[in-house]
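Asker: Going from the sequence shown to this note's numbering is simple: count from 1 and add 103.
In this text, a Cβ means the ideal position worked out from N, Cα and C, and glycines have one as well.
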Amino acid sequence: MLLREFVDWFRAYTEQVFDTSIESLFKHMPVWVKELSVALPSFALDGSVYVVGGIVRDALLERKSRDVDLVVEGLPARELAEQLGPFLQKYFQSEATFEIPFEIPFEIPFEIHCHDEFGTCTVHIEDIAVDVAQARAETYPHPASLPLVTFSTLKNDLKRRDYTINALAVELYPNKGTFHDPFLGLADLETKTLRILHEESFKDDPTRIIRGARLAGRLDGQFEPKSKDLVATGLTDDVLEQISPARLRAELELCLQEAQVLPSIKQLCEVGALRSLFAVNESSFELIAALDEKRLLQLVDADSYLLALFLSLSDVDLKQLVERYDWSMHYLRLHALLSDIRQCNSLSDRFLKKVNDELYGLKNEAVSLLLEVMSPELKQQVQWLQDVELRPKLTGQDVLNLLALQGSSGESSQIGDVLLAVGKARAAGTLLSYEQEIDYATHYIKNKTK
Ligand code: CTP
């Protein structure tokens, strides 16, 4: 640890800026968690119950989070889950009755799914899923493999996780309100530091690299230097061969759903994972920054960000990437279209032809948004050209008729010339109706034949 880092960390550790009281934490958790802590003594459980992980981290940051992870120590997960189901049913039932002033004439259904061999259960009710897991230790027989699980203590359960800031727990029962921070995650949260819990962490699960970048970006923080050095251990061919591309892809897509995407992508780039996992480089950053600005004001779909990342790749590299991660092939077409248009000069013959050939593809929302951030001018011209589709526009037959009126036989090159001139004026936004197009073409032909 560098001296500077140690000083920051020590200050954070001793000053404790976060409010770890249960009253404060409950304020940022779903209300039923607080109610559960009141009901738990009546469950007569022979063990302990904790809220753990991301929800605790988020509550300290005063961020509301919906996903609740519970850990039980000293009893099977099923034992809590089977009482949690009816508890949540009663809770949601009374919530519903509170909202509508009569008793609802049916019982809100819930489902419990358990994997007893792994000590995990999930309770599904309404639109939530609550995970209950028996505290366990994990060992990975080889890198990126499925872990071997043995039931264990809360401390060991926290130790097997990804980062210290996620290795936090609040006890709900029996010592309600006790805050557990065995790996000093609070101090790391204060200094916005992503620190892994053991040296094998990235080898065990390389998706943690992407998760770390996402969290570092979200917190405006950074990887702790040693953890950063260890990223390379999760990016070796041996490790990556063992992991399903679908998991890496899903983690990248989560980054693209962050409120601001660029900070996470920059982190991913800084630790070398953007290039080694996705072959993408920094040349997309400007576009991503522009999309982030838009996202402050309007909905921007993750697809726009994905396409922006893809724009830093050649057709050939993108094809390989799309195949490896099983992304839809339609990205190849959209990528080709955007790369082409990006290289066109506004109002060039090539631009007009491209836009006319691809009017449908350009209606794709992600493409349209990217075009807007790439060049508002090009986007405006495309928009004018698209608007024309909704009204009658000058046709080759019209031009033929106009040429005949001027005494010309109407060779195809002449017709093409007039159509192109009208197309340019249209894209410049100067022709707003069919009549204006006829006038424009008439004058154009007259001038040409003078
Ligand atoms: N976890 C892990 N390794 C992973 C994924 C998750 O150790 N590859 C641990 C983390 O400690 C995390 C917990 O499992 O806190 C629950 O995972 P998940 O619900 O996916 O993440 P959260 O941290 O709860 O939420 P977020 O999506 O905001 O990160």
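1. In this structure, how does DSSP classify Phe326 when only helix, strand and coil are distinguished?
2. Return the chain-ordered list of same chain residues with a C-beta closer than 6 angstroms to the C-beta of His568, the five sequence neighbours on each side being excluded.
3. DSSP state of Glu480, grouped into three classes?
4. Taking the beta strand (DSSP E) that Leu462 falls in, what are its first and last residues?
5. Sorry if obvious, but does the Cβ on Thr256 come closer than 8 angstroms to a heavy atom of the ligand CTP?
6. At a threshold of 8 angstroms, does Leu318 count as lining the ligand CTP (C-beta to nearest heavy atom)?
7. Indicate whether the contact test is met: 3 or more Cβ pairs, each with one atom in the region 317-333 and one in the region 362-379, closer than 8 angstroms.
8. Tell me which residues share the same chain as Phe454 and place their Cβ nearer than 8 angstroms to its Cβ, disregarding the 5 neighbours each side in the sequence.
9. Relative to the C-alpha of Glu302, which residue among Ala362, Gln539, Arg350 and Asp332 is closest?
10. Just curious, the beta strand (DSSP E) that His216 is in, first and last residue?
11. Between the region 265-278 and the region 288-306, can you find at least three pairs of beta-carbon atoms closer than 8 angstroms?
12. Using C-beta distances below 7 angstroms, list every residue in its chain close to Val476, excluding the 5 sequence neighbours before and after it, in chain order.
13. Give me the DSSP bridge partner(s) of Thr296.
14. With a CB to CB cut of under 8 angstroms and the five nearest residues on each side skipped, what residues in its chain are close to Gln350?
15. Hey, is Ile158 close to the ligand CTP, as in C-beta under 8 angstroms from one of its heavy atoms?
16. Helix, strand or coil for Ala236? Go by DSSP, reduced to three states.
17. With a CB to CB cut of under 7 angstroms and the five nearest residues on each side skipped, what residues in its chain are close to Pro244?
18. Should Gly499 be labelled buried (16 or more other beta-carbon atoms within 10 Å of its own) or exposed?
19. With a threshold of 16 other CB atoms inside 10 Å of the CB of Val419, please say whether the residue is buried or exposed.
20. Can you name the residues that DSSP bridges to Thr253?
21. Taking 8 angstroms as the cut-off, does the CB of Leu357 come closer than this to any heavy atom belonging to the ligand CTP?
22. I think Val334 touches Ala376, with their Cβ atoms under 8 angstroms apart; what is that distance to the nearest whole Å?
23. When DSSP labels each residue in this structure, what does Val175 get in the three-state scheme?
24. Taking 8 angstroms as the cut-off, is the C-beta of Asn259 nearer than that to any heavy atom in the ligand CTP?
25. Going by DSSP, what residue range makes up the beta strand (DSSP E) through Tyr266?
26. Throw me the rounded Cβ distance for the Leu371 and Ala290 pair, which I believe falls under 8 angstroms.
27. Whole-angstrom Cβ separation of Asp219 and Arg239, contact assumed at under 8 angstroms?
28. With DSSP run on the structure shown, which of helix, strand or coil describes Cys224?
29. Using a Cβ-Cβ cut-off of 7 angstroms (strictly less than) and excluding sequence neighbours within five positions of Ile215, which residues of its own chain qualify?
30. Determine which residues share a DSSP beta bridge with Phe282 and list them.
31. Count the other CB atoms, across all protein chains shown, that sit within 10 Å of the CB of Phe134; report buried if there are 16 or more and exposed otherwise.
32. Alpha carbon to alpha carbon, how far is Pro479 from Lys466? Give it in angstroms, no decimals.
33. Would you mind reading off the limits of the beta strand (DSSP E) that contains Val155?
34. For a test of the three-state rule: what should DSSP assign to Ile231, helix, strand or coil?
35. Is Asp406 helix, strand or coil by DSSP?
36. Taking 8 angstroms as the cut-off, is the beta-carbon of Ser265 closer than that to any non-hydrogen atom of the ligand CTP?
Answerer: In terms of the structure at hand:
1. strand
2. The structure shown has nothing for residue 568, since the chain only spans 104 to 553.
3. helix
4. It is not in any beta strand (DSSP E) - Leu462 carries neither H nor E in the DSSP assignment.
5. Of the heavy atoms belonging to the ligand CTP, none sits nearer than 8 angstroms to the Cβ of Thr256.
6. Yes, the beta carbon of Leu318 sits closer than 8 angstroms to at least one heavy atom of the ligand CTP.
7. Output reads yes: the region 362-379 touches the region 317-333.
8. Closer than 8 angstroms at the Cβ level, and outside the excluded window around Phe454, lie Ile444, Cys447, Asn448, Leu481, Gln484 and Ala530.
9. It is Asp332.
10. Phe213 to His218
11. Short answer: they touch.
12. Leu390, Ala393, Leu394 and Lys397
13. Gln325, per the DSSP bridge assignment.
14. Before going further, note that residue 350 is Arg rather than Gln in the sequence given. Answer for Arg350: Thr310, listed in chain order.
15. Within the chosen limit of 8 angstroms, the ligand CTP reaches the beta carbon of Ile158 through at least one heavy atom.
16. Here DSSP, grouped into helix, strand and coil, assigns Ala236 to strand.
17. Leu251
18. exposed
19. Classification of Val419: exposed, given that the 10 Å Cβ count is below 16.
20. Ala240
21. yes
22. 6 angstroms
23. strand
24. no
25. From DSSP, Tyr266 is part of no beta strand (DSSP E); its letter is neither H nor E.
26. That pair is no contact at about 25 angstroms.
27. That belief does not hold up - the Cβ atoms of Asp219 and Arg239 are roughly 13 angstroms apart, past 8 angstroms.
28. When secondary structure is reduced to three states using DSSP, Cys224 falls in the strand class.
29. Ala184, Glu185, Gly188, Cys224 and Val226
30. Val273
31. For the sequence presented, residue 134 should be read as Val rather than Phe. Result: exposed.
32. 15 angstroms
33. Ser151 to Val155
34. strand
35. Reduced to three states, the DSSP call for Asp406 is helix.
36. According to the sequence as given, residue 265 is Asp; it is not Ser. True, at least one ligand heavy atom lies under 8 angstroms from that Cβ.
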